[in-house]
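Here the structure comes first, spelled out in structure tokens, and everything after it is commentary.
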Amino acid sequence: MCGLVGIYSRACSPEQKQILLARMLAAIEHRGPDGVAMYSDEEAGIALCRLAIVDRACASPLHWNEDDTCVLALNGEIYNHRELRKQLSKHRFRSQTDAEVLLHAFEEWGIQSVQTLDGDFAFVFWDRLAKRGVLVRDRSGVKPLYYARIGDGLVFASELKALLAGFPELAQLSLQALARYLTHRFVPGPRTIFQKIMKLQPGCYLTFSAVDEPEQRRYWDYPREEVIAYDEEAQIVRGRALLEAAVTARLADEVTYGVLLSGGLDSSLLTAMAARASQDPLQTFSVVFFGNALLEESVSEHRYSRLVARTTGTRHAELPVDAELFMHACTKALYQLEEPIADPPAVLLHLLCDWIKQAGVTVLLSGEGADELFAGYPVYAQPRPGYMGMGVLFTEEEKAQLLSFEALPEPLQLPATVRSWDWLHQMLYVDCTCWLVDDLLLKADKMGMLSAVEIRVPFLDHRVAEYAFSLPPQAKRNGSMNKYLLRKIAEPYLPETIIHQHKRGFPLPLGIWLKGELRSWVEALLLDGLRRRGYFEPVALERLLQGYFEEEIPHDAYRPHHMIWALVTLELFLQSLQSGNVQTKPQS
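With UniProt numbering applied, the sequence shown corresponds to residues 1 to 588, in that order.
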């Protein structure tokens, strides 16, 4: 994984581009401690900082073709680069990297080359003779890529910080994006919290040149081609083989790797498969909470991860976390998220990755995508017309009372083809293209890269995703059992206790902490900070906070605790911008 930045502008000289690229790259140097490269000409400039995983001895992160007319910068990994290299044997390779293979594949086959890739990637390809470029993002959105129109051209980067460092005029908050954040806990793509900056959507590419306007097009989407004659046993065998191959492909050859093990079905299955495929003992990592008896009784679920570690023979390590450690990590974690994403486990993931990197681990496997592909959440038990996705918090009525500006409703629009699907797969599509991309995967990328750790997600191998979307609804929800077929796939690997446990979610004690040790911190942030910023009606905000602390709310109640956490996250996000040039006052 790396940090990618670039500029396309004919009004900006090569020397000016070099200065801007250096400034942009400095803002995301944490993404690539193993090397930096930069290029600029009259039209374009590209720079990359590299986290070396494949061919660690390679001197330059940028790759050129044989006659130095085309250059490519890659953030991510191409897992089938060795197979593709064989098909490109007429080319003269200068390294063993996957990025150079991708360069020649794109040179040879154009945008169709993306269909041959097995990987997680965001890259730019620039042809300096044709004066044309293209940005590409992987199918499921594992790697982020942001862009903005500026002057006569385009700027792009792996992180928002890079764009703001080079072009502070882009740093104007969008009120409508802020309102959507309160609904979803994040800002759904293609928008960001900043009015002028967009996300390149998963499965899409964007072309740019002096002749044509930048245009985003789709090359892949989740397909719904249900198997005609469903044979359960055959599909179990097929799914098991696909997932085993996805796990094996993501085990790094040249660096130390491990697995994030919560003890749930998804991470436990990845652990078991990775342990069998590894020659050395696998390392696994998890969090344990401590602080008071109520906390330990309510969320002490580490017995499941310990059981899996014993069963699979891993070298298991646990990071102890209490309310104070969590609170002190919030500012750094939420700054790195760059947008308000009200997902408390993001803070834990930051702590974990920082701790894991100190143990010498560079690559981690994680279970993102399993719930969205195989219907793991309780919400999938019944149809929900107008489903807006996981994590929905504030209603339109609640926002109208709370906000000081008018928020326009923006229902999610499903593609026409998806509207013809069964209700379950419509809901899964919403979460795969919204919640998964703009919360879970962004969180994994940014929290990992803050510590130069790459998080890989085998469930989002495109063949596994296509397989999952080919299954009938009863393969996912069978009576009251969720993830039915995935549990069958796991049977040779895991104990019954793990396979048939109920979905618990990440057992972070948010409610216990917010109403306990963190109460004064929360009140200071919201009453002394957010209330005075002009986005919210002060009386309505005070009433919401007072009701939260006075009411008896179960510790595991999702919505009330996360509503408060969403406001805390927003205030911490706004604080993180104050030292820069971002406008944090309401803008129309």
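C-beta: ideal position from N, C-alpha, C; glycine also.
Secondary structure within the region 91-174: the beta strand (DSSP E) runs of 3 or more consecutive residues, fully enclosed, are 119-127, 132-137, 146-150, 153-157 (chain order).
Excluding sequence positions up to five before and after Lys196, its CB lies within less than 6 Å of the CB of Ala148, Leu170, all in the same chain and listed in chain order.
Taking the C-beta atoms as reference points, Leu351 is found nearer than 8 Å to Leu319. Listed in chain order, the alpha helix (DSSP H) runs fully inside the region 516-574 are 519-523, 538-550, counting runs of at least 4 residues. Met447 is positioned such that its CB atom lies closer than 8 Å to that of Ala346. Per DSSP, Lys483 has no beta-bridge partner at all. Taken through DSSP and simplified to helix, strand or coil, Ile28 comes out as coil. The residues Ser267, Leu270, Thr271, Ala274, Leu282, Gln283, Thr284, Phe285, Thr314, Leu364, Leu365, Ser366, in chain order, have a CB closer than 8 Å to that of Val259 in the same chain once the five nearest residues on each side in sequence are set aside. Under the three-state reduction of DSSP, Ile78 is assigned to strand. The secondary-structure analysis by DSSP pairs Trp64 across a beta bridge with Val71.
Look at the beta carbons and you see the region 245-256 touching the region 454-469: at least three pairs across the two are nearer than 8 Å.
In the DSSP assignment, Thr331 falls within the alpha helix (DSSP H) that extends over 323-337. As DSSP reads the structure, Arg191 sits in a beta bridge with Met198. The region 69-80 makes no contact with the region 178-197, as fewer than three CB pairs between them are under 8 Å.
If you compare the alpha carbons of Glu338, Leu160, Pro378, Arg132 with that of Pro214, the shortest gap goes to Arg132. Runs of the alpha helix (DSSP H) lying entirely within the region 391-417, each at least 4 residues long, are 396-402 in chain order. Bridge pairing for Thr207: Val134, Glu215 [DSSP].
Scanning its chain for C-beta atoms nearer than 7 Å, with the 5 sequence neighbours on each side dropped, one finds around Glu42 the residues Arg10, Pro14, in chain order. With a 10 Å radius around the Cβ and a threshold of 16 neighbouring Cβ atoms, Gly239 comes out buried. Taking a contact to require three or more Cβ pairs closer than 8 Å, the region 525-533 and the region 509-516 do not qualify as touching. Non-local beta-carbon contacts of Leu518 in its own chain, meaning distances under 7 Å to residues more than five positions away in sequence, involve Ala323, Met327 in chain order. In the structure shown, the three-state DSSP call for Cys353 is helix. Beta-bridge partners assigned by DSSP to Ala44: Tyr8. In the displayed model, Gly448 falls within a helix according to three-state DSSP. Check the Cα spacing between Ser420 and each of Val437, Pro223, Leu84, Leu178: the tightest is with Pro223. In the three-state reduction of the DSSP assignment, Tyr39 falls in the strand class. DSSP places Tyr380 within a helical segment (H, G or I) once states are collapsed to three. Distance from the CA atom of Pro61 to the CA atom of Cys49, rounded to whole angstroms, is 7 Å. Going by DSSP, Arg456 is part of the beta strand (DSSP E) stretching over 454-456. Between the C-alpha atoms of Phe123 and Phe106 there is a straight-line separation of about 11 Å. C-alpha of Gln176 to C-alpha of Arg94: approximately 48 Å in a straight line. Following the DSSP letters along the chain, one finds Thr433 inside the alpha helix (DSSP H) bounded by residues 423-433.
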